[in-house]
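Engineer:
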Amino acid sequence: MLEESTAPVVEAHDLVMFDLDGVVYVGTEAIEGVAERIDRVRATGRHVAFVTNNASRTPAQVAAKLTGVGVQAEPADVVTSAQAAARLLAEAHGEGARILLLGGEGLRVALLEAGLEPTDEPDGVAAVASGYGPDVRWRDIMRVSTLVRDGLPYVASNADLTIPTPYGLAPGHGVLVRTITGFAGVDATVAGKPERPLMEETVLRVGGDRPIMVGDRLDTDIEGAHAIAAPSLLVLTGVTWLEELAAATPELRPTYISPTLEGLFEPHPVPAVDGVAVELGGWAARVSDGGLRVVGEGSVADWWRVAATACWRHLDESGEVADVSDTTPPGPVRQLGAE
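First residue of the sequence shown: 1, per the UniProt record's numbering; consecutive thereafter.
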């Protein structure tokens, strides 16, 4: 369930980890007000990190994109799943190990910076590393799949099944991972969210003892925070909407909910439960005959808090997801179709 913060959330943390798509920017545009809010975090002396499962771009390329949309960023602020994968491989196989590369430039650079030797040739390799790369060839996928089946250790940068494109959702690197592991009959070691390595890599590189993860996606950002026992703030400027929240099992539930990043600078009250009713700030929510009902008047943030709490209580008690099809959240909140 949601947790209470009587002071602004950011005050309890010395590292704020931001997801990118749906949190900082959408496509080629920064989300309104994000640059100023991230600057406010920096002004308090807290560490800021930009955390991405995208292994195809280097930290310098990611920082350049952030700067291009008006968000202050240096390469050292960016931590990628490729870097987390490279650390796993370096720790397992040692400096100078030859790693068969199946991916793009971001992964190649990360392997080199970790003291490894990325190669396209399978002779004498210690392991294979894969990451999203638009130019990966099918013959290379076949070769890697066979080697993994025959026992070559396999580290995948991430397992995201979808990626956003200008024409909608498209297959992500996770589809490739499933192809390889399904053929080989083994599991990959996954570095990216929601697994621990990327989250731990971020803390290690950027610093901080009390991190908080800010994200828009439950099954990567929020679950990733749970993996390292860190609090999380769900913002509603990306892919998660009421349907996803209603169905969230405990490992997918955020610590805090806010329509925007302004939630970092606000206290977070928790709803009171009165019988079947969940109440906060002028709103009352309940699940009746399997459907969510919310009545009253108050802030947008409090609406989401009572709605989520009512749905989660219903799910935990009945095992059934509340029907939210007849429930319309108050605005203004931006909903996106893809991340």
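C-beta: ideal position from N, C-alpha, C; glycine also.
List the whole-angstrom C-beta distance separating Asp19 from Gly215, where the pair is believed to meet the contact cut-off of C-beta under 8 Å.
Structural biologist: For the purposes of this step, residue 19 is taken as the residue at position 19 of the sequence shown. For the purposes of this step, residue 215 is taken as the residue at position 215 of the sequence shown. Yes, Asp19 and Gly215 are in contact; Cβ-Cβ is about 4 Å, under 8 Å.
Engineer: Over the uninterrupted alpha helix (DSSP H) stretch that includes Ser318, give me the two end residues.
Structural biologist: On the sequence shown, residue 318 is found 318 positions in, with the first residue counted as 1. It spans 300 to 318 - the alpha helix (DSSP H) in which Ser318 sits, taken as one unbroken run.
Engineer: Do Ala284 and Ala307 count as a contact pair if the criterion is CB distance below 8 Å?
Structural biologist: Walking along the sequence shown from the start, residue 307 turns up at place 307. Walking along the sequence shown from the start, residue 284 turns up at place 284. No, these two residues do not count as a Cβ contact at 8 Å.
Engineer: Can you check which of these residues, Trp241, Val24, Gly224, His93, is closest to Ala129 by C-alpha distance?
Structural biologist: Against the sequence shown, residue 129 aligns to sequence position 129. Ranking Trp241, Val24, Gly224, His93 by Cα distance to Ala129 puts His93 first.
Engineer: Figure out for me which residue from Gln83, Glu121, Gly319, Asp140 has the closest Cα to the Cα of Glu113.
Structural biologist: For the purposes of this step, residue 113 is taken as the residue at position 113 of the sequence shown. The shortest C-alpha separation from Glu113 is found at Gln83.
Engineer: Between which two residues does the beta strand (DSSP E) holding Met17 run?
Structural biologist: Start at 1 with the first residue of the sequence shown, and residue 17 comes out as number 17. Note, Met17: beta strand (DSSP E), 15 to 18.
Engineer: Considering Arg87, what are the terminal residues of the alpha helix (DSSP H) in which it resides?
Structural biologist: If you number the sequence shown from 1, residue 87 lands on position 87. Where Arg87 is concerned, the enclosing alpha helix (DSSP H) stretches over 81 to 93.
Engineer: With burial defined as no fewer than 16 other Cβ atoms inside 10 Å of the residue's Cβ, what is the status of Pro134: buried or exposed?
Structural biologist: For this step, residue 134 is matched to residue 134 along the sequence shown. Exposed, by the Cβ-count rule.
Engineer: Less than 6 Å between C-beta atoms, sequence neighbours within five positions excluded: which residues of the same chain meet that for Thr255?
Structural biologist: Stepping through the sequence shown from its first residue, residue 255 is reached at position 255. If we look at Thr255 and ignore the five residues flanking it on each side, its Cβ neighbours are Glu3, Pro231, Ser232.
Engineer: What separation, rounded to the nearest whole angstrom, lies between the Cα atoms of Arg178 and Trp303?
Structural biologist: As a first step, residue 178 must be located in the sequence shown, where it is residue number 178. As a first step, residue 303 must be located in the sequence shown, where it is residue number 303. Taking the straight line joining both Cα atoms gives about 39 Å.
Engineer: Do Ala301 and Ile257 have their CB atoms nearer than 8 Å?
Structural biologist: Mapped onto the sequence shown, residue 301 falls at position 301. Mapped onto the sequence shown, residue 257 falls at position 257. In contact: Ala301 and Ile257 (Cβ atoms closer than 8 Å).
Engineer: What residues in its chain sit with their C-beta under 8 Å from that of Ser145, if we drop five residues either side in the sequence?
Structural biologist: Walking along the sequence shown from the start, residue 145 turns up at place 145. Hits under 8 Å: Thr179, Ile180, Phe183, Ala184.
Engineer: What is the rounded straight-line gap between the Cα of Val78 and the Cα of Val206?
Structural biologist: By one-based count along the sequence shown, residue 78 stands at place 78. By one-based count along the sequence shown, residue 206 stands at place 206. Distance between the alpha carbons of Val78 and Val206: 9 Å.
Engineer: Entirely within the segment 195 to 280 and at least 3 residues each: give me those beta strand (DSSP E) ranges in chain order.
Structural biologist: Qualifying beta strand (DSSP E) stretches, in chain order: 211 to 215, 232 to 235, 256 to 258, 272 to 274, 277 to 280.
Engineer: Note the first and the last residue of the continuous beta strand (DSSP E) segment covering Arg98.
Structural biologist: Residue mapping note: residue 98 aligns to position 98 of the sequence shown, counting from 1. Element bounds for Arg98: 98 to 102.
Engineer: How about Ser299: is its C-beta nearer than 8 Å to some C-beta of chain B?
Structural biologist: You won't find chain B in this structure, because it holds only one protein chain.
Engineer: Since Pro164 sits in a beta bridge, which residues does DSSP pair it with?
Structural biologist: Start at 1 with the first residue of the sequence shown, and residue 164 comes out as number 164. Looking at the DSSP assignment, Pro164 forms a beta bridge with Leu169.
Engineer: If Cys311 and Val287 are in contact, beta carbons under 8 Å, what's the gap, nearest whole angstrom?
Structural biologist: Here residue 311 refers to the residue found at position 311 when the sequence shown is read from its first residue. Here residue 287 refers to the residue found at position 287 when the sequence shown is read from its first residue. The pair is a contact, with the Cβ atoms about 7 Å apart (cut-off 8 Å).
Engineer: How many Å lie between Pro259 and Glu244 at the Cα?
Structural biologist: Reading the sequence shown from its first residue, position 259 is the one you call residue 259. Reading the sequence shown from its first residue, position 244 is the one you call residue 244. Rounded to whole angstroms, Pro259 to Glu244 spans 15 Å at the Cα level.
Engineer: Following the continuous beta strand (DSSP E) through Arg40, name the residue where it begins and the one where it ends.
Structural biologist: Within the sequence shown, residue 40 is the residue found at index 40, counting from 1. Per DSSP, Arg40 belongs to no beta strand (DSSP E); it is in the alpha helix (DSSP H), 34 to 43.
Engineer: Identify whether Glu297 lies in helix, strand or coil by the three-state DSSP scheme.
Structural biologist: Taking the first residue of the sequence shown as 1, we reach residue 297 at position 297. DSSP places Glu297 in coil when its eight states are reduced to three.
Engineer: Just confirm the distance between the C-beta atoms of Leu111 and Ala86, as a whole number of angstroms; I'd bet it's less than 8 Å.
Structural biologist: By 1-based counting over the sequence shown, the position of residue 111 is 111. By 1-based counting over the sequence shown, the position of residue 86 is 86. Confirmed, about 5 Å.
Engineer: Could you tell me which residues DSSP puts in a beta bridge with Leu116?
Structural biologist: Taking the first residue of the sequence shown as position 1, residue 116 is located at position 116. According to DSSP, Leu116 bridges with nothing at all.
Engineer: Give the DSSP-derived three-state secondary structure of Gly331 in the structure shown.
Structural biologist: Within the sequence shown, numbered from 1, the residue matching residue 331 stands at position 331. Correct three-state label for Gly331: coil.
Engineer: Have a look at the DSSP bridge pairing and note the partners of Trp283.
Structural biologist: Indexing the sequence shown from 1 puts residue 283 at position 283. Note: Trp283 sits in a beta bridge opposite Leu280, Gly296.
Engineer: For Ala277, I'd like the list of residues in its chain whose CB is within less than 6 Å of its CB, leaving aside the five on either flank, ordered along the chain.
Structural biologist: Position 277 of the sequence shown, counted from the first residue, corresponds to residue 277. Contacts found: Ala284, Arg286.
Engineer: Thinking C-alpha only, which one of Pro164, Leu234, His173, Thr119 is nearest Val16?
Structural biologist: The residue labelled residue 16 in the question sits at position 16 within the sequence shown. Nearest C-alpha to Val16: Leu234.
Engineer: Where does the unbroken alpha helix (DSSP H) through Ala64 begin, and where does it stop?
Structural biologist: Position 64 of the sequence shown, counted from the start, is the residue given in the question as residue 64. First-last of the alpha helix (DSSP H) with Ala64: 59 to 68.
Engineer: Report the option in Gly291, Pro330, Arg305, Trp241 whose CA atom is closest to the CA atom of Ser318.
Structural biologist: As a first step, residue 318 is located in the sequence shown; it is residue number 318 there, counting from the start. Comparing Cα-Cα distances from Ser318 to each of Gly291, Pro330, Arg305, Trp241, the minimum goes to Gly291.
Engineer: What residue does the alpha helix (DSSP H) around Ser145 start on, and which one ends it?
Structural biologist: To locate residue 145, count along the sequence shown from 1; it is residue 145. Start and end: 138 to 149.
Engineer: I'd like the list of long-range same chain contacts for Pro267, defined as Cβ closer than 7 Å, with 5 residues on each side in sequence excluded.
Structural biologist: Translated into positions along the sequence shown, residue 267 becomes position 267. Contacts found: Ser5, Thr6, Ala7, Pro8.
Engineer: Determine the extent of the beta strand (DSSP E) in which Ser56 is found, giving its start and end residues.
Structural biologist: One-based indexing of the sequence shown puts residue 56 at position 56. Premise fails: Ser56 is in no beta strand (DSSP E) and is neither H nor E.
Engineer: Taking the DSSP output, what are the residues bridged to Phe50?
Structural biologist: As a working note, residue 50 is residue 50 in the sequence shown. Answer is Phe18, Val78, bridged to Phe50.
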